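Quick notes on the structure that follows.
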Amino acid sequence: MSVTTCAAPDQAAPIPASVDLEKETVISGTVLATNGDPVAGAYVRLLDRTGEFTAEVVTSPAGRFRFFAAPGQWTVRALSRFGNGGGEVSVARGVNEFQVSVS
Amino acid sequence: MSRDTALVSADWAEKNLEAPGVVFVEVDEDTSAYDGGHIPGAIKIDWKTDLQDQVRRDFVNKKQFEALLSERGISNDDTVILYGGNNNWFAAYAYWYFKLYGHGDVKLLDGGRKKWELDARPYSKDVPQRAATQYTAQEQDLSIRAFRDDVVAAIGVKNLVDVRSPDEFAGRLLAPAHLPQEQAQRAGHVPTAISVPWSKAANEDGTFKTDDDLRDIYSAAGLDTSKETIAYCRIGERSSHTWFVLHELLGEPSVKNYDGSWTEYGSLVGVPVALGDEPGTLEA
Numbered sequence: 002m003s004v005t006t007c008a009a010p011d012q013a014a015p016i017p018a019s020v021d022l023e024k025e026t027v028i029s030g031t032v033l034a035t036n037g038d039p040v041a042g043a044y045v046r047l048l049d050r051t052g053e054f055t056a057e058v059v060t061s062p063a064g065r066f067r068f069f070a071a072p073g074q075w076t077v078r079a080l081s082r083f084g085n086g087g088g089e090v091s092v093a094r095g096v097n098e099f100q101v102s103v104s
Numbered sequence: 015m016s017r018d019t020a021l022v023s024a025d026w027a028e029k030n031l032e033a034p035g036v037v038f039v040e041v042d043e044d045t046s047a048y049d050g051g052h053i054p055g056a057i058k059i060d061w062k063t064d065l066q067d068q069v070r071r072d073f074v075n076k077k078q079f080e081a082l083l084s085e086r087g088i089s090n091d092d093t094v095i096l097y098g099g100n101n102n103w104f105a106a107y108a109y110w111y112f113k114l115y116g117h118g119d120v121k122l123l124d125g126g127r128k129k130w131e132l133d134a135r136p137y138s139k140d141v142p143q144r145a146a147t148q149y150t151a152q153e154q155d156l157s158i159r160a161f162r163d164d165v166v167a168a169i170g171v172k173n174l175v176d177v178r179s180p181d182e183f184a185g186r187l188l189a190p191a192h193l194p195q196e197q198a199q200r201a202g203h204v205p206t207a208i209s210v211p212w213s214k215a216a217n218e219d220g221t222f223k224t225d226d227d228l229r230d231i232y233s234a235a236g237l238d239t240s241k242e243t244i245a246y247c248r249i250g251e252r253s254s255h256t257w258f259v260l261h262e263l264l265g266e267p268s269v270k271n272y273d274g275s276w277t278e279y280g281s282l283v284g285v286p287v288a289l290g291d292e293p294g295t296l297e298a
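Residue numbers (the working numbering), protein chains in the order written: chain A, 2 to 104; chain B, 15 to 298.
This is the structure in structure tokens:
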């Protein structure tokens, strides 16, 4: 599995002020190429525990993505011109930060 | 209709970027995507400001559609190739408009922006200037458009295909969280509708699955091809994607898109609504 949890959730992530992190479950992160550079324009999709498509976003110029989900098991898949990556993640309320490597 | 007449591949597109009589049109929910780079030579249509009436809740009418295409430099005999983000949802929505107003030759780019990006094909930021035309549209082809009364009359009689996510179907969610202004008053689905999320029809690179796979998906979900079909979603764009699959790729003869979709149906007074993961019954 190529999704790794950062030791500490990135509290600096620019979440809109209107989002209540006591209630929301944020799955966010960065897509990285094998050389460690962030990948802009990657397609990141969130699949539910049954593998059903739930949402898809395109990464920012800094390679960032973010979903608003619910606590539980999810799969994060990243597709890019540099390759694909991803894996299963287990998330709780608050910000859940991941790095997704593509190759 | 079939795959050969309704769809082009990214390879075909890249070879025909400058072909005379071929117009590439990007249609997006996020219209800034075009400005950041698009298929070279493509023009832009904004699904909301260009394709919807800005006062009434309805499409642009025939006259408005003619004015739009004339101003963008599209003529009646052009081959129009539509593509966009969101797995071509909004491009499929525009495709349905072009068919509704009788455009002769319109196709979708298989995989849209995503496939183009994943293949690492070129983008351009140049905005082409096309000379204005005198576009003439046909009257709306209502054989592909369903209204609310058609949907109510179809309960338990025709195929109703709900293409939203399973949570929206069951009534656990009203809408994807980023568009709260388009919520209906009630959650759930039209009784007797089967749930076939649009995403079942697409590969993860955004291209459509094969015809055989597509037929299997809908028959396994309980679609009775001897009956007429109405597809709906929340605002009519994801169901355009499914309408495209059933009517244009698989050639099912009678398929309508209900563009009012759940934001209209779920706000109607007095109509039946079903909750939960099962289709439910008229009595629900």
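We put the CB at the ideal spot given by N, CA and C, even for glycine. Everything numeric in this text was worked out from a predicted model, so none of it was measured.
Segment limits, beta strand (DSSP E) that includes residue i
i	result
B/Asp42	36 to 42
B/Gly126	No beta strand (DSSP E) holds B/Gly126; the alpha helix (DSSP H) holding it covers 126 to 132.
B/Lys97	As written in the sequence, residue 97 of chain B is Tyr, which differs from the Lys given in the question. Here the beta strand (DSSP E) through B/Tyr97 covers 93 to 97.
A/Val32	26 to 33
B/Thr19	Here B/Thr19 belongs to no beta strand (DSSP E); instead the alpha helix (DSSP H) covers 17 to 20.
A/Ser91	84 to 92
A/Leu48	44 to 48
A/Val96	95 to 102
B/Val166	From DSSP, B/Val166 is part of no beta strand (DSSP E) but of the alpha helix (DSSP H) over 162 to 168.
B/Leu122	119 to 123
A/Phe54	54 to 59
B/Lys270	269 to 272
A/Leu80	73 to 81
B/Leu174	173 to 176
Check whether residue i and residue j have beta carbons under 7 Å apart
i	j	result
B/Pro87	B/Thr147	Strictly speaking, residue 87 of chain B in this sequence is Gly, with Pro absent from that position. In contact: B/Gly87 and B/Thr147 (Cβ atoms closer than 7 Å).
B/Ile95	B/Lys121	yes
B/Val22	B/Leu123	yes
B/Ala151	B/Phe104	no
A/Ala79	A/Val101	yes
B/Ala245	B/Val177	yes
A/Arg94	A/Pro72	yes
B/Glu28	B/Arg135	yes
B/Ala168	B/Asp291	no
B/Asn173	B/Lys270	no
B/Leu31	B/Gly170	no
A/Ala34	A/Phe83	yes
B/Val259	B/Leu228	yes
B/Glu278	B/Arg162	yes
Environment of residue i [buried if 16+ CB atoms lie within 10 Å]
i	result
A/Gly64	buried
B/Ala160	buried
A/Val77	buried
A/Val90	buried
A/Val103	buried
B/Asp92	buried
B/Pro293	buried
B/Arg71	exposed
B/Gln195	Because B/Gln195 sits at a pLDDT of 47, beneath the cut-off of 50, its placement in the model cannot be relied upon, and the point is left open.
A/Thr55	buried
B/Leu263	buried
A/Asn36	exposed
B/Gly118	exposed
B/Leu193	Any answer about B/Leu193 is weak, because its pLDDT of 48 lies below 50 and its placement is not dependable; what the coordinates show is given next. Result: exposed.
B/Lys214	buried
B/Ser138	exposed
B/Asp42	buried
B/Asp67	exposed
A/Gly30	buried
B/Ala191	Any reading at B/Ala191 must be qualified, since the residue scores a pLDDT of 49, below 50, and its modelled position is unreliable; no value is offered.
B/Gly98	buried
B/Val39	buried
A/Cys7	Legend: pLDDT at A/Cys7 = 38, less than 50; position of this residue unreliable, no value from coordinates given.
Anticipated Cβ contact below 8 Å, residue i with residue j, distance rounded
i	j	result
B/Val74	B/Leu82	6 Å
B/Val175	B/Ala207	7 Å
B/Gly126	B/Asn102	4 Å
B/Glu251	B/Tyr107	4 Å
B/Ile158	B/Leu188	In fact, because the Cβ distance is near 27 Å, the residues do not count as touching under 8 Å.
B/Asp64	B/Gly116	Not really, about 18 Å apart at Cβ, beyond 8 Å.
B/Pro34	A/Glu53	Not quite, the Cβ-Cβ distance comes to about 44 Å (not below 8 Å), so this is no contact.
B/Gly274	B/Ala198	Wrong, their Cβ atoms sit about 10 Å apart, outside the cutoff.
Cβ-heavy atom distance, residue i to the ligand FMN, below 6 Å
i	result
A/Val27	This structure does not include the ligand FMN; it has no bound ligands of any sort.
Residue i: first and last residue of the uninterrupted alpha helix (DSSP H) it sits in
i	result
B/Ser275	275 to 279
B/Ala81	76 to 86
B/Lys29	24 to 29
A/Arg65	Segment 65 to 70 is the beta strand (DSSP E) holding A/Arg65; no alpha helix (DSSP H) there.
B/Ser233	225 to 234
* Give, in chain order, every residue of the segment 77 to 88 of chain A whose Cβ lies closer than 9 Å to some Cβ of chain B. => Arg78, Leu80, Ser81, Arg82, Phe83, Asn85
* **Members of the segment 52 to 67 of chain A that neighbour chain B once the beta carbon cut-off is set at 8 Å** => Glu53, Phe54, Thr55, Ala56, Glu57, Val59
* Asked: Going along the chain, which residues of the segment 209 to 237 of chain B sit with their C-beta nearer than 7 Å to a C-beta in chain A?
  -> Pro211, Ser213, Glu218, Asp219
* Asked: At a Cβ cut of 9 Å, what residues of the segment 167 to 185 of chain B count as close to chain A, listed as they run along the chain?
  -> Ser179, Pro180, Asp181
* Short-range partners of chain B found in the segment 38 to 49 of chain A, where Cβ spacing is below 9 Å -> Gly42, Ala43, Tyr44, Arg46, Asp49
* **Contacting positions in the segment 125 to 153 of chain B - beta carbon closer than 7 Å to chain A** => For the segment 125 to 153 of chain B, the set of residues with a beta-carbon nearer than 7 Å to any beta-carbon of chain A comprises Lys128, Glu131, Leu132, Ala134, in chain order.
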